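*Asks:* I have a structure I would like to understand better, so I am pasting it below and will then ask my questions one at a time.
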Amino acid sequence: MGKVNIEIDGKQLTADVGSMIIEVADEADIYIPRFCYHKKLSVAANCRMCMVDVSSLPKAVPACATPVADGMVIQTQSDRAIDAQKSVMEFLLINHPLDCPVCDQGGECELQDLSVGYGEDVSRYVEGKRVVKDKNLGPLISTDMTRCIHCTRCVRFGQEVVGIRELGATGRGEHIEIGTYIESTMDSEVSANIIDLCPVGALTAKPSRYKARAWELRESPSIAPHDCLGSNVNIHHRRGEIIRVVPRENESINEVWLSDRDRFSYQALTEGKRLLKPKIKKNGTWQETDWQTALNFAVAEMKRIIGVSKGEEFGTIVGNNSTLEESFLIQKLIRGTGCNNIDFRTRRRDFSKDQYSGVRAGFNFPLQDLDTMDATLLIAGDIRHEQPLAALRVRKSTGFGRAMAINPFDGEYNFRLYQEIQPEPHLLAQEFACVLAAAAQKQPDKINAEIKDWIEGITFTEQHAIIVDELINGEQSCILMGVYVQEHPQAEVVNWIAEQVARLTDSKWGYMTQGCNAAGNKMAGAVPNQSEFGGRATPGKNAKQMLTEGLKGYLIHNCEPDVESLWADQALANLQNAECVIALTSYEDGRVSDYSTVMLPIAGSYETSGTYVNVEGRWQSFSAAVPAPGESRPAWKVLRVLGNLLDTSGFDYESSVQIRDELKEKQENSRDKKESRKTPPELHAASEEETKRDSLGLYMVDPMVRRANALQQTSKASTHPISISRVTT
Amino acid sequence: MTDLSYDKSLHLKELIPQSEIDEIDCWIKKYPNDRKRPPIMPALKVVQENNGNYLTTEMMQAVAEYLDVPHVAVYEVATFYSMFNLDKMGRHVLSVCTNLSCSLRGADKVVEHLQNRLNIKLGETTKDGLFSIKEVECMAACGGAPMLEVDKIYHENLTEEKIDQILSEMAAKDLPTQEDK
Amino acid sequence: MAEIEHYTLNFGPQHPAAHGVLRMILEMDGEVIERADPHIGLLHRGTEKLAEIKPYNQSIGYMDRLDYVSMMCNEHAYVLAIEKLLQIKVPKRAQYIRVMFAEVTRILNHLMWLGAHGLDVGAMTMFLYCFRDREPLMDAYEAVSGTRMHATYFRPGGVYRDLPDSMPQYDKSPWRNEKKLKSLNENRQGSLLDFLWDYTEIFPACVDEYEALLTENRIWKQRLVGIGVVSPERAFQLGMTGPMLRGSGVAWDLRKKQPYDCYAELDFDIPVGRNGDCYDRYLVRVEEMRQSNRIIRQCIEWLRENPGPVMVDDHKITPPKRADVRENMESLIHHFKHFTEGYCVPAGEAYAAVEHPKGEFGIYLLSDGANKPYRLKIRAPGFAHMAAMNEMAKGHMLADVVAIIGTMDVVFGEIDR
Amino acid sequence: MKKFKQFVNSFLLVELLKGLMVTGRHMFSPKVTIQYPEEKTPQSPRFRGIHALRSYPNGEERCIACKLCEAVCPAAAITIDAGVRESDGSRRTTKYEIDLFKCIFCGFCEESCPVDSIVETRVFEYHFEEQGAQILTKEKLLEIGLIHEEQLAQDIEADAKYR
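And the structure:
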């Protein structure tokens, strides 16, 4: 790309040909006021706030829509520019209601800031102002459309970034309105980003409506705990109460966006029914007690059951969203007592590779590369609802590349699919195998005898060939497996095929995982066959066995197997029949109080420090943003004390950072064992029964989300995104 | 997006005759395949003419479905252009520009005069169904402000006399037709 | 002869003559002071640090509480410093109002000092007369600002509100008949300016009374003449300012030397002493009251003639009119922003000093361009005077220490800040 | 001559007699003191005493929880919690507290209030009898507002032209 030399406010700058003045100015830290321009959205140039004075032009021009030219001399502070800015500001305020005192945006409002910074200090307008009817956009976004200045950022966001156009600008001139025209709610899973985009108070967050002013809020960085991307967030809190969660810019993970799930799940912490004191169930009734008593009780029960059954009859289920530190401590603690039954994978059916599995994370390429894929093959997943922000990236790539899917279910995509194959769920692996066969034929020099044998007899169709062609021809291509794949009874087969296809077509491959810390939990050793970082461990029962076979005692940490596991009904029955269930939980509602014997209150997300390892294997540590309510304590502290009481050694940690550092050291010292399985897995038909089950809904994934009121009121909450298969139902 | 009022079964083909559909298809063909929005305007025009000079929400939705564009894209077009009517209108729609130039030249007086003459308010239709008055944004005739448009004809440099003259001409034109009925 | 150690006396901080919370360690040889060691800090409130975390305007109220007997003079220095950084020109009327109240404050301060000094030295009656004459000035304070002391009245860009057109009046009470009530309210019939004018008519006679009681009084003279003598050279070296410096014969007054606001347009004289002792400083202060009275009268005359704005008409810095806030958007936004974030002051530094009743009161402001000061330093005149304690008291008797503390006119609000 | 005059003056206690004349005169002049508390000194309409929250004549509280007073309070004496009022969805305070131990009576809250809700009354005589009583709750503030509404409205009216 060519370069041109320009001058802004006397500063000599070099810029790429074709870039807009405002981009160059931003780069050089020269601020030009703007409302409609946003670096992640297309240029609309309809607010006219960014007028600058270009010496060669007779009138002031909008900086966001004027490309630079060689020798341009631009002034942002000349009389002409300032005149233009003042006029625009006056114009924008003509119809703006006198709402500042009751407006949630007050104090962080771009209109206020620019009015003070660039506008006049007194109005000349005395006529009546227009009024626009508010729209009902659902339980997440509250509207005050009279305040709208028609920058159309929200419209462009829907159109360009999400790909679902829900909002539009109807009418013309004074009658222009932003809205859905027909009364309807906004249902996209990333809808609330328009709250951040809105420069005025027209779109504000409903759950935190009127709660706090921007200047009262303290900001603490954290990591969102609901999907495997590990979106970076800032927790805004006041006097120890979380008021809202907003995205923290991280170009390599969440860019500037945040899914609604990550944004509003905090409600569970502030409004959910929190467990504030340890409780012991005595004769069927709950009694509040102190930590000492509760811990002693739990320890005695654990010792009793583990002692009697030699560890066979006690099982530990770790929640998907446990931090790395918690998982590490809990597995260390359980293995220290001589029990080996520990697992976090309550949604996995295929344990065939357990004894070989290493600790690799889902992706072997950076998440950011999804943006630039020429070909993306999605295998069985509902990426929009499982990892909303990853879907935005895939959508970005479809601007020039092609997305394809092999999905047994009705997928809702916010991008166009070039090819779509819809096999029956139980034949997913078989269908995918055809792709491998096609790939093998296209790349005969890359295959070995083993694969040759494996694909023997598998035929493929034109469609499979096209998919393979796309993967091969694309300069960058990837195979992306959805969460459902890991729930499939033939997960390992599909994984293996994906790896082989990727190798043959020179693509990247990765699988999405349930929860935010699947990779971390695995690294920490919260699986039955290996301790931290693939260390050797005596094999124990896996989650399926623990939940379906029925044990005498359970330790459940930060999860509700009766809701989120694949064997929910069996799990519930077995938990109810168990002699003792020790629950480390933040909430006391739900069935946990029904089946548990002792409840230990632990801090929720954002109230504890720890580390999440995302799907790329990126370690992201965070510290507590707010204190835990009542007597609840960070789980790592609870586990540390439990470890001491159980007389297991090595539980003298003083901070979660200390645990993390120890783990980091261990990781460096352990060489990630190459996945040693040489022989390819066997391809056989899975039972229809086992593949039928619905996946968890968008807002059902973990205990926190399930208790977030506003999210539960959305239309997406009631529907299971992957529900019906056209073929099977 | 859930359109609560939208009935999925409603298809454009059920709303207008095949000949009109063909006309829309003809318009669609004029634009590149991946450009779906340009035909919205001609399509709406066809549908409106078929429906007696106004559009219903269902029709706009049906057009959106037919053209495979978001519903709101059609609403935007239909609400932007003054030639699309969203309510049942009189035989003659008097579109008075009240934008800047016209306002400076006395558009509010034009509106007031029309309202008094026809005894209706802006956006209403006379009882006999002959006239509707509509407030519109700039129609690019600022040189002859104040102006109004009726039956696709621009009337510029309006005065009260001129308005009266236009109205009586219109009424006169229509008289025979009314008698025919 | 047996060696006799010096006697050490702890003076204050609860001593009535310690003017607040001064604590002094006096080393004495008999009754003669060998060494006086003032300990300060008992009234430290961290004003300078507090100012660093607040928008500029929010610290005005804290300025009142520095030298809490010359409230508006402290505010004056603070707002002048901000105005210097903002490079704004204050409306003339606001300047006159500010000067008028600065002089009212000077009288208030000197009356307070005179009463207390007299009491310290033994002239009980003075205290009562001074306090009686402070009262109308306090009423003037209340009439403009709503409080008798901590006014928070001066603002960067002018003053908060214009002077009221009417004065509040005494209500009927069973204790006074119609006639008495009328005479009480007699000077309250007109505006605040009329009220003050009335005061300035009477006040010189009051000063004459004070002088009749004190100036030639032999006890007064015995207690003050020749006590705490400071030579002009030493006064300079010790950083003395105000009456302390002028008492030593140095004609140094910021109102003349670096006129701020409208002082350049006013006619007044600078009294200076000859001997640099407590008595001369007494004479200087008494004459200053007469001069202040003159200034006030000139201000009142000017203010009566010249109505106009009392605040800069730039709502980026000053809050908009209240009526506008309810009607127009720009005003509402500026109101909102003014009271939440305040205004940003261009980066830079400024030092503004005023001729405070006690000396040179200065505010040094360092701005990094934000809406709160990066650093605020208060130059309190009393602090430098306090430092001269040892030198001034050495060789004097214990009782003279009280006279010296009195002559310094120390107020711990500003020294400890 | 001067010395002689001085000696005579000093010998005859002239200056002391002059002083005594001053004090003597005052014995017969009217008293300047008033009979507090039956009698009070005049108060200006700008007086800044204890706070009050005003209401509209129909009983509706004025405060809209904009929190400007909380933001502008230099002493951080005001604490406000806001929320959506159930009955009509309007923005209201759920908690409005002024800690009178912190308050410096600068009047900024009154100055910043866009709806003339928080005001400072003419009341300067008040006391607390127990720990915690110095915190004026929303109920107390509204009550004070109701008691003094007439006076407050008058004072605001009187001062309106200056603000």
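Chains as they are written, first to last, in this note's numbering: chain H, 14 to 742; chain R, 162 to 342; chain A, 97 to 513; chain S, 18 to 180. Every residue gets a Cβ at the ideal spot worked out from N, C-alpha and C, and that includes glycine. The structure displayed is predicted, hence computed values, not measured ones.
#1: Secondary structure at K22 (chain S), three-state DSSP: helix, strand or coil?
#2: Given a limit of 9 Å on CB to CB distance, which residues of the segment 167-184 of chain H reach chain R?
#3: Go through the segment 102-129 of chain S residue by residue and report every complete run of the alpha helix (DSSP H) that reaches 4 residues or more, in order.
#4: Please classify Y497 (chain H): is it buried, with 16 or more other beta-carbons within 10 angstroms of its beta-carbon, or exposed?
#5: Tell me P234 (chain H)'s beta-bridge partners as DSSP assigns them.
#6: Contact criterion: CB-CB distance below 8 Å. Does G414 (chain H) meet it with respect to chain A?
#7: Does any CB atom of chain A fall closer than 8 Å to the CB of R65 (chain S)?
#8: Note down, in chain order, each residue of its chain lying with its Cβ closer than 8 Å to the Cβ of M220 (chain A), except the 5 sequence neighbours on either side.
#9: Start and end of the alpha helix (DSSP H) containing H68 (chain S)?
#10: Restricting to runs no shorter than 3 residues, where is the beta strand (DSSP E) found entirely within the segment 268-307 of chain H?
#11: Return the chain-ordered list of same chain residues with a C-beta closer than 7 Å to the C-beta of L150 (chain H), the five sequence neighbours on each side being excluded.
#12: Applying the criterion that 16 or more other CB atoms from any shown protein chain within 10 Å of the CB defines a buried residue, is D363 (chain H) buried or exposed?
#13: Using a C-beta to C-beta distance shorter than 8 Å, which residues of chain H count as neighbours of E285 (chain R)?
#14: Which residue's Cα is closest to the Cα of V79 (chain A): A:K185, A:Y225, A:V186, A:M167?
#15: Would you check if the distance between the CB atom of G332 (chain H) and the CB atom of N353 (chain H) is smaller than 8 Å?
#16: Chain A beta carbons: is any one of them nearer than 8 Å to that of C164 (chain H)?
#17: May I ask you to report which of helix, strand or coil DSSP gives E437 (chain H)?
#18: Using 10 angstroms around the beta-carbon of S520 (chain H), count the other beta-carbons present and answer buried if the total reaches 16, otherwise exposed.
#19: Could you give the distance in angstroms between the alpha-carbon of R63 (chain S) and the alpha-carbon of I115 (chain S)?
#20: Are the Cβ atoms of E121 (chain H) and V233 (chain R) separated by less than 8 Å?
#21: Alpha helix (DSSP H) containing E199 (chain A): first to last residue?
#22: Looking at the strands, I want to know which residues DSSP matches up with C258 (chain R).
#23: Could you tell me which residues DSSP pairs with K24 (chain H) in its beta bridges?
#24: Name the chain H residues whose beta carbon is nearer than 7 Å to that of K84 (chain S)?
#25: Less than 8 Å separating the beta-carbons of S645 (chain H) and L289 (chain H)?
#26: Kindly indicate which three-state DSSP category N362 (chain R) falls into: helix, strand or coil?
#27: Just the C-alpha distance for T518 (chain H) and A227 (chain H), rounded to the nearest angstrom, thanks.
#28: Within 8 Å of any Cβ in chain H, is that where the Cβ of S170 (chain R) sits?
#29: For the putative contact between L564 (chain H) and E314 (chain H), defined by C-beta atoms under 8 Å, what is the C-beta separation to the nearest angstrom?
#30: Within the present structure, is the beta-carbon of L37 (chain S) separated from the nearest heavy atom of the ligand MG by less than 7 Å?
#31: Output, in chain order, the set of chain B residues within a Cβ distance shorter than 7 Å of G36 (chain S).
#32: Specify, as a first and last residue, the run of the beta strand (DSSP E) that M612 (chain H) falls within.
#33: List, in order along the chain, the chain S residues whose C-beta lies closer than 8 Å to that of P260 (chain H)?
#34: Please report how far the alpha carbon of N746 (chain H) lies from the alpha carbon of V611 (chain H), in whole angstroms.
#35: Output, in chain order, the set of chain S residues within a Cβ distance shorter than 9 Å of P260 (chain A).
#36: Where do the N-terminal and C-terminal ends of the beta strand (DSSP E) with K473 (chain A) fall, by residue?
*Replies:* Inspection of the coordinates gives the following:
#1: Residue mapping note: residue 22 (chain S) aligns to position 5 of the fourth sequence, counting from 1. Helix at K22 (chain S).
#2: V168, G171, Q172, I177, R178, E179, L180, G181, A182, T183, G184
#3: 125-129
#4: Your numbering for residue 497 (chain H) matches position 484 in the first sequence. Counting Cβ neighbours within 10 Å, Y497 (chain H) comes out buried, since at least 16 surround it.
#5: On the first sequence, position 221 is the one that residue 234 (chain H) refers to. Paired residues: H:N247.
#6: Reading the first sequence from its first residue, position 401 is the one you call residue 414 (chain H). With 8 Å as the cut-off, G414 (chain H) does not count as an interface residue toward chain A.
#7: Along the fourth sequence, one-based indexing puts residue 65 (chain S) at 48. Cβ-Cβ to chain A under 8 Å: yes for R65 (chain S).
#8: Locating residue 220 (chain A) in the third sequence gives position 124, counting from the first residue. G214, listed in sequence order.
#9: In the fourth sequence, counting from the first residue as 1, residue 68 (chain S) sits at position 51. Counting along the chain, no alpha helix (DSSP H) covers H68 (chain S); the unbroken beta strand (DSSP E) around it starts and ends at 68-70.
#10: 292-295, 298-301
#11: Working through the first sequence from its first residue, we reach residue 150 (chain H) at position 137. Around L150 (chain H): T156, T198, M199.
#12: On the first sequence, residue 363 (chain H) is found 350 positions in, with the first residue counted as 1. Looking at its Cβ environment, which holds 16 or more other Cβ atoms inside 10 Å, D363 (chain H) is buried.
#13: As a working mapping, residue 285 (chain R) is identified with position 124 in the second sequence. Result: empty, since nearest Cβ-Cβ is about 17 Å, beyond 8 Å.
#14: Nothing can be reported for residue 79 (chain A), as the shown portion of chain A is limited to 97 through 513.
#15: Start at 1 with the first residue of the first sequence, and residue 332 (chain H) comes out as number 319. Start at 1 with the first residue of the first sequence, and residue 353 (chain H) comes out as number 340. No, Cβ-Cβ distance for G332 (chain H) and N353 (chain H) is not below 8 Å.
#16: As a first step, residue 164 (chain H) is located in the first sequence; it is residue number 151 there, counting from the start. Interface flag for C164 (chain H) against chain A is unset, since no Cβ pair is found closer than 8 Å.
#17: Here residue 437 (chain H) is taken as the residue at index 424 of the first sequence, counted from 1. Three-state result, E437 (chain H): coil.
#18: Counting from 1 along the first sequence, the entry for residue 520 (chain H) is found at position 507. S520 (chain H) is buried by the Cβ-count criterion.
#19: Against the fourth sequence, residue 63 (chain S) aligns to sequence position 46. Against the fourth sequence, residue 115 (chain S) aligns to sequence position 98. So the alpha carbons of these two residues sit roughly 20 Å apart.
#20: For the purposes of this step, residue 121 (chain H) is taken as the residue at position 108 of the first sequence. For the purposes of this step, residue 233 (chain R) is taken as the residue at position 72 of the second sequence. No.
#21: The residue labelled residue 199 (chain A) in the question sits at position 103 within the third sequence. From DSSP, the alpha helix (DSSP H) with E199 (chain A) extends over 188-217.
#22: Counting from one through the second sequence, the residue named residue 258 (chain R) turns up at place 97. Looking at the DSSP assignment, C258 (chain R) forms a beta bridge with R:V297.
#23: As a first step, residue 24 (chain H) is located in the first sequence; it is residue number 11 there, counting from the start. Paired residue(s): H:I21.
#24: Translated into positions along the fourth sequence, residue 84 (chain S) becomes position 67. The answer, in chain order, is R226.
#25: Mapped onto the first sequence, residue 645 (chain H) falls at position 632. Mapped onto the first sequence, residue 289 (chain H) falls at position 276. Yes, they are a contact pair.
#26: In the structure as shown, chain R begins at 162 and stops at 342. Residue 362 (chain R) is therefore absent and cannot be evaluated.
#27: Walking along the first sequence from the start, residue 518 (chain H) turns up at place 505. Walking along the first sequence from the start, residue 227 (chain H) turns up at place 214. Taking the straight line joining both Cα atoms gives about 51 Å.
#28: Against the second sequence, residue 170 (chain R) aligns to sequence position 9. Since pLDDT at S170 (chain R) reaches only 46, below the 50 mark, its modelled position is unreliable, and no value is offered.
#29: What you label residue 564 (chain H) is simply residue 551 of the first sequence in a count that begins at 1. What you label residue 314 (chain H) is simply residue 301 of the first sequence in a count that begins at 1. With 8 Å as the limit, L564 (chain H) and E314 (chain H) do not qualify as a contact, their Cβ atoms being about 13 Å apart.
#30: No copy of the ligand MG occurs in the structure displayed, which carries no ligand at all.
#31: This model lacks chain B altogether, as its protein chains are H, R, A and S.
#32: The sequence position of residue 612 (chain H) within the first sequence is 599, counting from 1. Counting along the chain, the beta strand (DSSP E) containing M612 (chain H) begins and ends at 611-614.
#33: The residue given as residue 260 (chain H) occupies position 247 in the first sequence. Residues of chain S passing the Cβ test: none, with the nearest at roughly 25 Å.
#34: Past the edges of chain H, shown from 14 to 742, lies residue 746 (chain H), and the structure says nothing about it.
#35: Position 164 of the third sequence, counting from 1, holds the residue named residue 260 (chain A). Chain S residues near P260 (chain A): S61, P62, R63, A175, D176, Y179.
#36: Residue mapping note: residue 473 (chain A) aligns to position 377 of the third sequence, counting from 1. Its beta strand (DSSP E) spans residues 471-475.
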